[in-house]
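Q: So the sequence shown is numbered by our numbering: it starts at 753 and just counts up by one.
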Amino acid sequence: DIGDIVRGKDLFRGYNQKDRNEKAKLQENLTKIFKEIYEELKKDRKNGEIETRYKDDGPDYFQLREDWWALNRDQVWKAITCKAERDDTYSINTGNGFRSFDFKCGHEESRVLTNLDYVPQFLR
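1) How would you call T833, buried or exposed, if buried means at least 16 neighbouring beta carbons within 10 angstroms?
2) For R772, which residues from the same chain have a beta carbon less than 7 Å from its beta carbon, with the 5 sequence-adjacent residues on both sides left out?
3) What's the C-alpha gap between D812 and K830?
4) So E803 and K794 are in contact, right, with Cβ under 8 Å, and what is the actual spacing, rounded?
5) So the candidates are Y806, K777 and I754; which of them puts its Cα closest to the Cα of Y790?
6) Do L778 and V758 have their CB atoms nearer than 8 Å?
7) What three-state label does DSSP hand E837 in the structure shown?
8) Taking only the alpha-carbon atoms, compute the straight-line gap between D809 and Q827 and give it to the nearest angstrom.
9) Might you give, ordered along the chain, the residues of its own chain that have their beta carbon closer than 8 Å to the beta carbon of W820, omitting 5 neighbours on each side?
10) So what does DSSP say about R805, is it helix, strand or coil?
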């Protein structure tokens, strides 16, 4: 799902070489974006806080991605649902079947369907 993609933890490798190439390009772009975010954060905080927090993060910025997702996942959900068309629905497997959600932007904001973000992808 989108949280796994943003955080660099998506297990799906692609159906074919074209899919794999597109996924690699997406991850390259996300790495560039998070590098820019990291550089901006360093400018804003001159006391070394950012460097300390992300000193072991590596070139892919996985910890920064985790932090960004934790802070912004509700906004991503809002952006997706605000664009939803009239008859679009979202659902979640409750174990007893599917529970449908049809709320849109500005309604039921506490019921974000990203509640499985931290369950390992292979268990979902």
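Positions of the beta carbon are idealized from the N, C-alpha and C atoms, including for glycine. Because the structure is a prediction, the values reported are computed rather than measured.
A: Looking at the atomic coordinates:
1) Counting of Cβ neighbours within 10 angstroms places T833 among the buried residues, the total reaching 16 or more.
2) R765 and G766
3) 26 Å
4) The C-beta distance from E803 to K794 rounds to 7 Å, short enough to meet the 8 Å contact threshold.
5) Y806
6) no
7) coil
8) 24 Å
9) V758, F786 and I789
10) helix
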